[in-house]
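The listed protein sequences derive, respectively, from chains A and B.
Quick note, the working numbering runs 246 ahead of the 1-based positions in the first sequence.
Quick note, the working numbering runs 474 ahead of the 1-based positions in the second sequence.
Below: the structure, in structure tokens.
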Amino acid sequence: MASFAETGPRTPVTEGIRVDKVHPRARLLRNIRAILVVVVALIGLVPVFAMGLTAFKSRADVVSVPPQLIFEPTLEGFVFLLTERSQMSASALATAQANEEELSLFERIALENGQRINGPSDFVTRLRNSLIIAGGSTILSVVLGVFAAYAFSRFDIPGKDDLMFFILSTRMLPAVVVAVPLFLMFRQIGLHDTHLGMIILYTVFNLSLTVWLLKGFIDEIPREYEEAALVDGYTRMQAFFKIVLPQAATGIAATTVFSLIFAWNEYAFALMMTSNNARTAPPAIATMLGRGGIEWSAIAAGTLAFLIPVVIVIFALRQHLLRGVTFGAIRK
Amino acid sequence: MATIELRQVEKLFGDFQAVKPVDLTIKDGEFVVLLGPSGCGKTTTLRMISGLEAVTRGEILLDGRNVTWRHPSDRDIAFVFQFFALYPHMTVRENIAFPLQAEGQSKELIAGRLNEVVDLLQIRRLLNARPSSLSGGDQQRVALARALVRRPAAFLMDEPLGALDAEFRETMRAEIKRLHIAQNATTVYVTHDQIEAMAMGDRIIVMSNAEVQQVGTPAEVYYEPANLFVARFIGSPGMNLVPGKYQEGVVHLAGGNEYPVPERWRRSLTADLSGEDVIVGFRPEAAVADSEAGLTAELYADELHGAHTILHLSLNGRASESIIHIRAGRGARHPIGETVRFDLKPEMVRFFDPHTELALQLEGNNG
């Protein structure tokens, strides 16, 4: 057989690639690498996958060993998650079963367990709290962050480096250390267990991240663009909105996602600083464990519901993220 | 259009003096080139005129109006940047219309002006493209269109051709020159390329070390350099500067050469020199190879430049010292190491004082 070096590849090379990488052996290696990456990604997804399945399993299927991949899906977990139920007496059960057609889907599922739905559970409120608090704090910290980052990037601020470090240092203490004094202060000024309190708290914690990230992005936007706008007859504020912001869109998207994920996942502060009114989903899911046995399917359903908003946001911003997460690496 | 006047304008960055006090008047419709090596303060001067940089001391007047502390948007000037600074998120059309929108002009007026500049620069086909998809030359045309569309009182250009390929540079140089002739707008143009400066400027302001070295027409800075820096900087290769000792009408040069000073210069040399030391300056084309001539030098290297040949000669036979460049016909052929005899055209020779570094002036000129 003639060697590759003499005959060259069988098909013309139509991509930018080094000569030796076209060798059949090199191609095989490349494919193996690609397969490995996919396998690793799949392994990473196994828990998520298991959680997704569990959310649709019945009580019996959840605990069956070995875990079943094929089962009859049920919304039981969601019913347990989203409703408050009570056990029905024998006579009530009989009446209910007789009029089963009149019942809603959720009520019928509850009925199978001999239960009546009394109303929505507070998980719905928890999820809504999470949306308000994470959304509010993300918007606030990104808006404040983009202004601060612009100022740090463009103006001669006395003690600029020290200020930047100070902002970063707010992230250095573990939450547990500041939780108790914060709790006392919040209770004193009436912010304990309020949405506003949690939004302020998360905003402050996220600011270090947003200012630093956004400063990096804005530093990369050449000053000439603004200067051009200035001599073209615009004020600095107009130049900021018309020229800098559109170009920082990628950075803002990436920062928004990072900041949202932090606020959305935050557990320690939420556990300490909220009790009922402003309690968010993460501590709520965790405390579900303690209520009359472990409702695995309800927990899985809760986690799944908890996952969806973040996935939607990331999906919506995905185009920006690809360039965003490699910031600084690519020169225009 | 407008005149631009700088009065004792000065810039400090901390303790670093970026521009030493400069007085300058740029006439209405004039094309002035600020020329100098990088870091000489020419861009800073331009940015001070535009208002993108605040002056440390001094005053800037536009058409007699003191604009020293006016916002850049309030000065009615257009700035063309080296890297074009076209807004990447806008189309070419939006880029060009952007300055007019700042003035709140009507849609009809914007469309009319847009058509005008688009035709002038022949960029109609680019209108819906994004800047990033254009070639360097086209990007610069769009940048010029954006500057022209507002009909500003003056144009400031910061090395507008610096980011272009050599091939485009020549084309755009001609285009900018034609635009200037057509518009007759006051233009201040910054460059470090002396060929560009010579080709484009009505007047050249040579800067070095934060200081203006000479202000003059291209011919003046070329033939009458005010000091050693200008003599070296202008021209390619620059002026030959040969140190020697002046004694009684003759300059003694390296290699035993003796150059008789032209009659009309002798009084200046006697009166103005602080000692015997003098530097003889002459352009490569001022030397004429002639087998009967009085100066001799050894051929060190030669370069054919197409239309002519540059001979590198060593006055004393040593390679690293006393090299001079002279221009000869393209047919000139000499073996390396041969002795070449040459003479200098008397009207093209200049003399410099090595201590003050200034050019000597003809006594006759002053009175």
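Just so it is clear, CB atoms sit at the ideal spot from N, CA and C, and this is done for glycine as well.
Note that this is a predicted model, so its numbers are computed, not measured.
*Mind checking whether B/Glu812 and B/Ser788 have CB atoms under 8 Å apart?*
The count along the second sequence starts at 1 and reaches residue 812 of chain B at position 338. The count along the second sequence starts at 1 and reaches residue 788 of chain B at position 314. Not closer than 8 Å, so no.
*Apart from the five residues just before and just after B/Leu486, which ones in its own chain have a Cβ nearer than 8 Å to its Cβ?*
Translated into positions along the second sequence, residue 486 of chain B becomes position 12. By the criterion of a C-beta distance shorter than 8 Å, B/Leu486 is surrounded in its chain by Ala492, Thr530, once the five residues flanking it on both sides are discounted.
*asked:* Quick check: the Cα distance between B/Asp497 and B/Val686, rounded to an integer number of angstroms?
replied: The residue labelled residue 497 of chain B in the question sits at position 23 within the second sequence. The residue labelled residue 686 of chain B in the question sits at position 212 within the second sequence. Distance between the alpha carbons of B/Asp497 and B/Val686 is about 9 Å.
*According to the Cβ coordinates, are B/Thr660 and B/Asp502 closer than 8 Å?*
As a working mapping, residue 660 of chain B is identified with position 186 in the second sequence. As a working mapping, residue 502 of chain B is identified with position 28 in the second sequence. Contact: yes.
*Work out the CA separation of B/Gln835 and A/Phe486 for me, nearest whole Å.*
Mapped onto the first sequence, residue 486 of chain A falls at position 240. Mapped onto the second sequence, residue 835 of chain B falls at position 361. Taking the straight line from one Cα to the other gives about 54 Å.
*Specify, as a first and last residue, the run of the beta strand (DSSP E) that A/Pro427 falls within.*
The residue you call residue 427 of chain A lines up with position 181 of the first sequence. Not the beta strand (DSSP E): A/Pro427 falls in the alpha helix (DSSP H), residues 421–434.
*Return the Cβ separation of A/Phe326 and A/Glu541 in integer angstroms, given the expectation that the two are a contact with Cβ distance under 8 Å.*
For the purposes of this step, residue 326 of chain A is taken as the residue at position 80 of the first sequence. For the purposes of this step, residue 541 of chain A is taken as the residue at position 295 of the first sequence. The Cβ separation is near 5 Å, so the contact holds.
*So, does the CB of B/Glu568 fall closer than 8 Å to a CB anywhere in chain A?*
Against the second sequence, residue 568 of chain B aligns to sequence position 94. Not closer than 8 Å to any Cβ of chain A, the Cβ of B/Glu568 fails to qualify, so no.
_Measuring straight from C-alpha to C-alpha, what distance separates A/Ala575 and B/Arg544?_
Numbered from its first residue, the first sequence carries residue 575 of chain A at position 329. Numbered from its first residue, the second sequence carries residue 544 of chain B at position 70. Unreliable positioning characterises A/Ala575 in this predicted model, as indicated by a pLDDT of 41, which lies under 50. A coordinate reading is not provided.
*Is the number of C-beta pairs between the region 713–730 of chain B and the region 794–807 of chain B that are closer than 8 Å three or more?*
Output reads yes: the region 794–807 of chain B touches the region 713–730 of chain B.
*May I have the straight-line CA-CA distance separating A/Ile385 from A/Gly391, to the nearest angstrom?*
Indexing the first sequence from 1 puts residue 385 of chain A at position 139. Indexing the first sequence from 1 puts residue 391 of chain A at position 145. For A/Ile385 and A/Gly391, the distance between alpha carbons rounds to 10 Å.
*asked:* With DSSP as the reference, identify every bridge partner of B/Lys719, one or two as the case may be.
replied: Counted from its first residue, the second sequence places residue 719 of chain B at position 245. Within the DSSP secondary-structure output, B/Lys719 pairs in a beta bridge with B/His726, B/Asp751.
*Taking 8 Å as the CB-CB limit, is A/Gln314 close to chain B?*
Here residue 314 of chain A is taken as the residue at index 68 of the first sequence, counted from 1. Judged by the 8 Å Cβ criterion, A/Gln314 is not in contact with chain B.
*Indicate whether A/Ala394 and A/Val292 have their beta-carbon atoms separated by less than 8 Å.*
Locating residue 394 of chain A in the first sequence gives position 148, where the first residue counts as 1. Locating residue 292 of chain A in the first sequence gives position 46, where the first residue counts as 1. No, Cβ-Cβ distance for A/Ala394 and A/Val292 is not below 8 Å.
*DSSP on B/Phe756, reduced to helix/strand/coil?*
Taking the second sequence and counting its residues from 1, one reaches residue 756 of chain B at position 282. B/Phe756: strand per DSSP, three-state reduction.
*Report the residue from A/Thr526, A/Gly360, A/Pro404 whose alpha carbon sits nearest the alpha carbon of A/Asn511.*
For this step, residue 511 of chain A is matched to residue 265 along the first sequence. Nearest C-alpha to A/Asn511: A/Thr526.
*Over what stretch of residues does the beta strand (DSSP E) that includes B/Val623 continue unbroken?*
The count along the second sequence starts at 1 and reaches residue 623 of chain B at position 149. Premise fails: B/Val623 is in no beta strand (DSSP E) and is neither H nor E.
*Please look up how many angstroms separate the CB atoms of B/Ile708 and B/Pro828, rounded, as I've assumed it's under 8 Å.*
Looking up residue 708 of chain B in the second sequence gives position 234. Looking up residue 828 of chain B in the second sequence gives position 354. Not confirmed; about 19 Å, so no contact.
*asked:* Helix, strand or coil for B/Glu479? Go by DSSP, reduced to three states.
replied: Translated into positions along the second sequence, residue 479 of chain B becomes position 5. Strand.
*How many angstroms separate the CA atom of B/Leu520 from the CA atom of B/Ala700?*
Numbered from its first residue, the second sequence carries residue 520 of chain B at position 46. Numbered from its first residue, the second sequence carries residue 700 of chain B at position 226. Distance between the alpha carbons of B/Leu520 and B/Ala700 is about 23 Å.
*Report the neighbours of B/Phe551 on chain A: residues whose CB is nearer than 9 Å to its CB, in chain order.*
By 1-based counting over the second sequence, the position of residue 551 of chain B is 77. According to the sequence provided, residue 551 of chain B is Ile. The question's Phe does not apply to it. Those within 9 Å of B/Ile551 in chain A are Val477.
*Under 8 Å by Cβ, that's how I've got B/Gln556 and B/Asp667 pegged, so tell me the actual separation to the nearest angstrom.*
For the purposes of this step, residue 556 of chain B is identified with residue 82 of the second sequence, where counting begins at 1. For the purposes of this step, residue 667 of chain B is identified with residue 193 of the second sequence, where counting begins at 1. Approximately 12 Å separates the beta-carbon atoms of B/Gln556 and B/Asp667; this is outside 8 Å, ruling out the contact.
*Quick one: what's B/Gly803 bridged to in DSSP?*
Stepping through the second sequence from its first residue, residue 803 of chain B is reached at position 329. For B/Gly803, which the question treats as bridged, DSSP gives the partners B/His782.
*Mind listing which residues of the region 484–505 of chain A have their C-beta closer than 7 Å to chain B's C-betas, in chain order?*
So the close ones are Ile489, Pro492, Gln493.
*asked:* Using a 10 Å radius around the Cβ and a threshold of 16 neighbouring Cβ atoms, would you call A/Arg276 buried or exposed?
replied: Sequence index remark: in the first sequence, residue 276 of chain A carries index 30 (1-based). A/Arg276 is exposed by the Cβ-count criterion.
*asked:* With three or more C-beta pairs closer than 8 Å as the rule, is the region 709–724 of chain B touching the region 741–760 of chain B?
replied: With the cut-off at 8 Å, the region 741–760 of chain B and the region 709–724 of chain B touch.
*Could you give the C-beta distance for A/His441 and A/Phe432, rounded to a whole number, given that I count them as a contact under 8 Å?*
Numbered from 1 along the first sequence, position 195 holds the residue referred to as residue 441 of chain A. Numbered from 1 along the first sequence, position 186 holds the residue referred to as residue 432 of chain A. Taking the Cβ atoms as the reference, A/His441 lies roughly 12 Å from A/Phe432, outside the contact range of under 8 Å.
*Kindly say whether A/Glu473, judged by its beta-carbon, lies nearer than 8 Å to any beta-carbon of chain B.*
As a working mapping, residue 473 of chain A is identified with position 227 in the first sequence. Cβ-Cβ to chain B under 8 Å: yes for A/Glu473.
*B/Leu526 touches chain A at which residues, Cβ-Cβ below 8 Å?*
Here residue 526 of chain B refers to the residue found at position 52 when the second sequence is read from its first residue. Against chain A, the beta carbon of B/Leu526 has neighbours under 8 Å at Glu473, Leu476, Val477, listed in chain order.
_Residue ranges of each alpha helix (DSSP H) within the region 515–552 of chain B, 4 or longer_ = Counting only unbroken stretches of 4 or more residues, the alpha helix (DSSP H) elements lying wholly within the region 515–552 of chain B are 516–524, in sequence order.
*Under 8 Å, do B/Thr665 and B/Ala671 count as touching if we go by C-beta distance?*
Working through the second sequence from its first residue, we reach residue 665 of chain B at position 191. Working through the second sequence from its first residue, we reach residue 671 of chain B at position 197. Closer than 8 Å, so yes.
*DSSP bridge partner residues for A/Ser332 (one or two, in chain order)*: Translated into the one-based positions of the first sequence, residue 332 of chain A becomes position 86. Looking at the DSSP assignment, A/Ser332 forms a beta bridge with A/Arg362.
*Quick one: what's got a C-beta closer than 7 Å to B/Ala781's C-beta in the same chain, skipping five residues either side?*
Here residue 781 of chain B corresponds to residue number 307 of the second sequence, with the count starting at 1. Within the same chain, B/Ala781 has close Cβ partners Arg804.
*Roughly how many angstroms lie between the CA atoms of B/Asp751 and B/Ile650, to the nearest whole one?*
Here residue 751 of chain B refers to the residue found at position 277 when the second sequence is read from its first residue. Here residue 650 of chain B refers to the residue found at position 176 when the second sequence is read from its first residue. When rounded, the distance between both Cα atoms is 45 Å.
*Give the residues of chain B in contact with A/Glu466, contact being defined as C-beta atoms less than 9 Å apart.*
Stepping through the first sequence from its first residue, residue 466 of chain A is reached at position 220. By Cβ distance, chain B contributes nothing, its closest Cβ being about 12 Å from A/Glu466, past 9 Å.
_A/Thr341 versus A/Phe515: straight-line alpha-carbon distance, rounded_ = Taking the first sequence and counting its residues from 1, one reaches residue 341 of chain A at position 95. Taking the first sequence and counting its residues from 1, one reaches residue 515 of chain A at position 269. Approximately 47 Å between the Cα atoms of the pair.
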